[in-house]
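Beneath this line is the structure, given in structure tokens, with notes to follow.
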Amino acid sequence: MLPRARLDTTSSAFVTNKVPSPDASGEGTLVQFVKGVGPGLSSVFASRGITTVRDLLTFFPRAYEDRTRLSKIEEAPSGGSVTMALEVLGSRKIPTRHGKTMLEVRCTDGKSSLVLKWFHSPRGLENRFIVGTKVVATGNQKSYLGRPEIVHPEITFTGQPTLATPSANESADYGRIVPIYVEIEGVPTRTLRKVLYAAIERYVPSLKEDLPPAALAKHGLPTLQEAIREIHFPSEGKTNVEALQAFRSPCQLRFIYEEFFKFEFLVLLKRLRMEKLQAHRFGSHGGSAALLELEGGLPFKLTGDQKKAVSEITVDLESQHPMNRLIQGDVGSGKTAVAFLTAGLVIAEGGQVALMAPTEILAEQHYRNALLLFGTKVRVALLTGRTTAQARNELFGRMAAGEPLLVIGTHALIEDPVPFTHLAYVLIDEQHRFGVDQRRKLRAKGVRQTNAGREYPHVLVLTATPIPRTLALTAYGDLSVSTIREMPPGRTPIKTRLIRGDSERAKAYAFVKQQLLAGRQAYFIYPLVNESEAEGFTHLASAVKEAERLGREVFPEFKVGLLHGQLRPDEKAEIMSRFVRGDLQVLVSTTVIEVGVDVANSTVICIEHAERFGLSQLHQLRGRVGRGSHESFCFLFSTEKTGENTRNRLEILEETTDGFKIAEADLAIRGPGEFLGVRQAGALPFRMADLVRDLEWLNRAREDAEALLREDPALTEPRNQALREYFDREGNTQGERLTTS
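Note that our numbering has the sequence shown beginning at 1, numbered continuously upward.
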């Protein structure tokens, strides 16, 4: 923990809301003023978020090609990228279907010949391929009908078939290690390189370094000016192409470190500011005793991890600063019981508690579980869109009167008027399902003015999607983390099997029928509600159509229900109630049942088009079974044409039920943006850094950011002046992206 003694950050200029002003370096100059751009091309750049010189200079290459050596046609490997010096033998335009034409250019390297081919050639391109013209072509050489060809090559027109002395205009495209960028529609690659070259020549000499020189020296990293030049135009003999392709060159590592360092500094600064706020202290006026009494009345014993989590939370609640903690644990690990117990502590001392869940189904389930666990020992109320006006008004009266109670609800909790008078403890379940504004609004309902000053509520967020350490250090770096890995006794392991092809599907259906005949229940999960959603994905099965088919053809002797997000709340509640009661044996659903649905008699879940889901989401869905004493099963349906990579990914679920291992694999495969979900993706604005690949540099940057916050949290020392100026310009914008509560 960083010491608080020197954390005078409230006066720091980089918390200001002032509009950033252009800096003397010119990197804030609009991109349209770069040589070769202009208003027309600048609008195309803007579509990719490139509006200033800085945006352009940090539009980093995604890969590199070694074009320092020429290849011969007969020696070039099939399918690999090659660069060749060629002479044009002739060209022709060939009509294709739909009234379009294809351009073919026959070329020779002096010994063998090949064809350059464009299916959608730029207008007038064919006029440049005059017989005898010398060109340099780069692309993937393949064989078509026994003849070598390159489709959509990158072309440089030159007066000689050699790479020894390219002209200044051509030097960006061959005869060197050439950067490859994400394609910008309407901006040819050669044009982009020329624009970058012009921007570097004009603006790089005046770029100002943000990072402290000592940090660069500590890690042997180049300066900003040197790194910008080298990352876009690697120097011959200075930069290794293999290092560039692996994102391990000094220039790339410099930007990886810079992104992590700035990000971690802001995350840690946010945590320090939270630690300076005031909160009501709980635990010393009967709350701790009440918690122990509630724990003693539970129908089960807490696991070691649950007890540790309760202890960590109670220590935070006893502090005069607001808790900001994440509790993570696998499906069924008992996070909710921990949250309920600590809520009981706060209520016992007069505080109000709110638990916000992402769906009405989950909110109602939490409400039933709270009543089951505590009965009348803890006052519990439910507030959702289905709450009647009379019940709502009665509840509002109790809340306005300051009655200590636990209010469980959906986003209805953040609507006005919801009159909390002493909301001291905020619980957010499956917090990644809520937007930043929703979480902030609920927290704001607990901010109140007292004689001692402004008080903020304690916050505990829960997630059943285990978060890899790399994400915990970044997206959730301002939160303390409690982890529950130990599963309660009695949970039966779920057997998972990947099903491919009709014969395996038939066997799976037969097995499900056996389970139903034995009195068990089953889920069938589909990615779509209706076929109309599947524009461009007509091969995908939909829940509505498949519910009808399953009920008519596969399980005609059983009752099949349909649940999806487009149903009215009362319809969803009725379907779920019938399934819980056992009136329905098969529940066909979309991922609306992903979180929290708990039916102990359900022993089989079949997930259609499993390849379309992330591993963590599949693991969440799988967690809907195995919640009782019966052996449970998960079938992942996929097509026989499933590729090797997809099959290997799904087989991870066959091999393990450890959500933490699955989360690490999911992060490596899908990346942090998809892992966190749409609402959170913007919280990780990395252009160069990768949380999986660059974990070592993440740790280095975090250590350096912690050290800087200990030594100079307000960045007042001269050596940190440049970094302070950076945060003056952009820190406020970056900081908004990091809000998790």
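We put the CB at the ideal spot given by N, CA and C, even for glycine.
It should be emphasised that the depicted structure is a prediction, and the values quoted were computed from it without experimental measurement.
Flag Asp658 as yes if its beta-carbon sits less than 8 Å from any beta-carbon of chain C, otherwise no.
-> The displayed structure is made up of one protein chain only, and chain C is not part of it.
Mind pulling the beta strand (DSSP E) runs of 3 or more residues that sit fully within the region 110–146?
-> 113–118 and 134–144
Assigned secondary structure, Thr162 (DSSP; H/G/I helix, E/B strand, else coil) = Summary for Thr162: the model assigns pLDDT 45, below 50, so the residue's position carries little reliability; its value from the coordinates is reported in the next sentence. In this structure, Thr162 counts as coil in the three-state DSSP scheme.
Work out the CA separation of Ile228 and Phe340 for me, nearest whole Å.
-> 53 Å
Just tell me which of Lys445, His564, Glu264 and Leu70 has its CA closest to the CA of Tyr476.
-> Glu264
Own chain, CB closer than 8 Å to Arg281, minus 5 neighbours either side, in chain order = Leu317, Glu318, Ser319 and Gln320
CA-to-CA distance, Met102 to Ala85, given in whole angstroms | 23 Å
Tell me which same chain residues have a C-beta within less than 8 Å of the C-beta of Glu651, skipping the five on either side of it?
-> Leu498
Report the rounded CA-to-CA distance for Thr359 versus Ala663, giving the unit in angstroms.
-> 23 Å
Note down, one range per segment and in chain order, each beta strand (DSSP E) of at least 3 residues found wholly within the region 78–108.
-> 81–95 and 101–108
For the beta strand (DSSP E) containing Gly561, list its first residue and its last residue.
-> Val560 to Leu563
Count the other CB atoms within 10 Å of the CB of Val512; is the residue buried (16 or more) or exposed (fewer)?
-> buried
If you draw a straight line from the alpha carbon of Thr156 to that of Gly49, how long is it in whole angstroms?
-> 28 Å
Answer with buried or exposed for Asp570, where buried requires no fewer than 16 other C-beta atoms within 10 angstroms of its C-beta.
-> exposed
Are there three or more Cβ pairs, one per stretch, closer than 8 Å when the region 616–634 is compared with the region 457–477?
-> yes
Below 8 Å, can you find three or more Cβ-Cβ pairs linking the region 190–203 to the region 35–45?
-> yes
Buried or exposed for Leu653, please, with buried defined as at least 16 other CB atoms from any protein chain shown within 10 angstroms of its CB.
-> buried
Look at Ile408 and Leu442 and say whether their C-beta atoms are less than 8 Å apart.
-> no
When the Cα of Arg439 is compared with those of Pro457, Arg448 and Gln449, which residue comes out closest?
-> Pro457
Rounded to a whole number of angstroms, what is the C-alpha to C-alpha distance between Gly146 and Val82?
-> 18 Å
Among the residues of its own chain, which have a CB less than 6 Å from the CB of Met274, if the five just before and after it don't count?
-> Asn324
How is Ile73 classed by DSSP in three states: helix, strand or coil?
-> helix
Which word fits Leu298, buried or exposed, when buried means at least 16 other C-beta atoms lie within 10 angstroms of its C-beta?
-> exposed
Counting Cβ pairs closer than 8 Å, one from the region 421–431 and one from the region 396–411, do we hit at least three?
-> yes
With burial defined as no fewer than 16 other Cβ atoms inside 10 Å of the residue's Cβ, what is the status of Ala510: buried or exposed?
-> exposed
Endpoints, beta strand (DSSP E) assigned at Ser589 = Val586 to Ser589
Same chain, Cβ closer than 7 Å to Ser70, neighbours up to 5 away in sequence not counted = Here the sequence assigns Leu to residue 70, which means Ser is not the residue at that position. So the qualifying residues of the chain are Thr83, Met84, Ala85 and Leu163.
Should Lys270 be labelled buried (16 or more other beta-carbon atoms within 10 Å of its own) or exposed?
-> buried
Sequence ranges, alpha helix (DSSP H) only - wholly within the region 387–434, length at least 4 | 389–400
Pro527 and His609 look like a contact to me (Cβ under 8 Å); what is the Cβ gap, rounded to whole Å?
-> 5 Å
Hey, would you say Val692 sits closer than 8 Å to Leu709, going by beta carbons?
-> no
In the DSSP assignment, find the beta strand (DSSP E) that holds Gln352 and state where it starts and stops.
-> Gln352 to Met356
What residue range is occupied by the uninterrupted alpha helix (DSSP H) comprising Asp316?
-> Gly304 to Leu317
First and last residue of the uninterrupted beta strand (DSSP E) at Asp66 | Ala63 to Asp66
In whole angstroms, what is the alpha-carbon distance linking Gly677 and Met356?
-> The predicted model places Gly677 with a pLDDT of 49, which falls under 50 and marks its position as unreliable, so this point remains unresolved.
Residues in its own chain within less than 8 Å of Arg386 by CB, not counting five upstream and five downstream?
-> Glu360, Pro569, Asp570 and Ala573
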